[in-house]
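Trainee: Structure incoming, see below.
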Amino acid sequence: MARILTGIQSSGQNGEVHLGNILGAIEPGIALSKKAENEAFFFIADLHSLTTVKDAGIRKENVYAVAAAWLAFGFDTEKNVFYRQSDVPEVCELTWHLNCFTPFPMLANAHSFKDKSDNLADINAGLFDYPVLMACDIILYDADFVPVGKDQKQHLEMTRDIASSFNHRYGETFVVPEALIDENVMLVPGTDGRKMSKSYDNYINIFLPDKALRKQVMKIETDSTPLEEPKNPDSCNVFALYQLLANETEVESMRKNYLGGNYGYGHAKQALFELIVKKYSLQRKKYWELMENKEQIDQLLSIGAEKAKAIAKPVLKRVREKLGFNV
Ligand code: ADP
Ligand code: TRP
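Printed below as a string of structure tokens:
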């Protein structure tokens, strides 16, 4: 049985889980978790979110939002392991141990640290150390495969370096994980055409109530071709998003509308909004049922935490023994 593991940060100011997270991480992750030969560990990286989210209430709410999204898309928590990162504090101890083996220049060269430190006002040591905590998230659970987006490739390379250099020095201790990066999964564009991201305020959160969701869809930037004139579907953000969600017939019909003229961007946005509501009606309903019943989420997470701890503790024990700490 192969163990696959991945995490989504509970960052953002409003618990946003956006279409990029869904198409890029949640749906592919759940598909992998359904294969009989896999066992999936999916968690909510709330310790990582502390690097950017300082408000306790917001972070707590975000954890529920990310959890509800995984559950609404049908993650089977009985077959698999579903937990909150901070419920297994063993990961913090392992992070300390491995910090003491991680070369400073390796962290200083991380792209994501460079990007974040260029864009954020609060450049804290947690942000710098983020990749070591992420490495520990993975190797604390003896994970074999880690499905992530292209943006996480370097973090996975660091994880492999950290795990294998420890093994080299102290003998087999960690499973050295492999990244599962689907180069074909395109980055979902945001309302401004850049990568959809919580950090850019250009996202579509499919779980929002109708009115707020419609408002986000209406924000998609388009050019100023007048209503009557034909439009180029292939250079339009609305069409790009529609294409990711619609079936072939729907896509062809919208393409014809674009090319035919007398079809405005407002019509296309309305069609996209209606498609999201229709396509994700079950998930939206389930999400809100869960968000109104947070005890149920807590209960599932606490069962997951117990399962996760049962795997984490023996791994940490191996490390303590190797390092000569009291066990
Ligand atoms: P954000 O950029 O909004 O902060 P995260 O870094 O929390 O998103 O990403 C969580 C997961 O969702 C990662 O596996 C990432 O690869 C995937 N993901 C995020 N944005 C997109 C996108 N626009 N298209 C495809 N996948 C994405
Ligand atoms: N850094 C990941 C992201 O921003 C989230 C994450 C934290 C993660 N720990 C992980 C992903 C471990 C995979 C495995 O998307």
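Residue numbering for the sequence shown follows numbering that gives the first Met the number 0, beginning at 0 and increasing consecutively. Ideal Cβ placement from N, Cα and C applies to all residues, glycine included.
Can you tell me where the beta strand (DSSP E) with LEU322 in it begins and where it stops?
Mentor: Run containing LEU322: none in the beta strand (DSSP E); it sits in the alpha helix (DSSP H), 293-322.
Trainee: Would you kindly report the start and end of the unbroken alpha helix (DSSP H) that includes GLY28?
Mentor: From DSSP, the alpha helix (DSSP H) with GLY28 extends over 26-33.
Trainee: Quick check: is any heavy atom of the ligand ADP less than 8 Å from the C-beta of ASP45?
Mentor: Because no heavy atom of the ligand ADP lies under 8 Å away, the Cβ of ASP45 does not count as near it: no.
Trainee: By the 10 Å Cβ neighbour count, where 16 or more other Cβ atoms means buried, how is CYS235 classified, buried or exposed?
Mentor: That one is buried.
Trainee: Expressed to the nearest angstrom, what Euclidean distance is found between the alpha-carbon atoms of MET195 and PRO188?
Mentor: So the two alpha carbons sit approximately 5 Å from each other.
Trainee: Helix, strand or coil: which one does DSSP assign to ASN37?
Mentor: Looking at ASN37 - three-state DSSP - the assignment turns out to be strand.
Trainee: May I have a chain-ordered list of the alpha helix (DSSP H) segments no shorter than 4 residues that lie completely inside the segment 83-156?
Mentor: Runs found: 89-98, 103-107, 110-118 and 124-138.
Trainee: If we require 3 or more residues per run, which beta strand (DSSP E) segments fall completely within the segment 191-268?
Mentor: As far as the segment 191-268 is concerned, it has no whole beta strand (DSSP E) run of at least 3 residues.
Trainee: Compute every distance between the C-beta of MET195 and the non-hydrogen atoms of the ligand TRP, then say whether any falls below 8 Å.
Mentor: The answer is no for MET195.
Trainee: Around the Cβ of GLY28, are there at least 16 other Cβ atoms within 10 angstroms (buried) or fewer (exposed)?
Mentor: GLY28 comes out buried.
Trainee: Under the three-state reduction of DSSP, which class applies to GLY189: helix, strand or coil?
Mentor: If DSSP states are grouped into helix, strand and coil, GLY189 belongs with coil.
Trainee: Output needed for LYS312: all residues of its chain with C-beta closer than 8 Å, excluding positions within five of it in sequence on either side, in chain order.
Mentor: Excluding positions up to five away in sequence, the list reads GLU89.
Trainee: So is the beta-carbon of HIS17 under 8 Å away from any non-hydrogen atom of the ligand TRP?
Mentor: No, Cβ of HIS17 sits at least 8 Å from all heavy atoms of the ligand TRP.
Trainee: Is ALA304 closer than 9 Å to TYR63 when the C-beta atoms are compared?
Mentor: It is not a contact, given that the beta carbons lie outside the stated cut-off.
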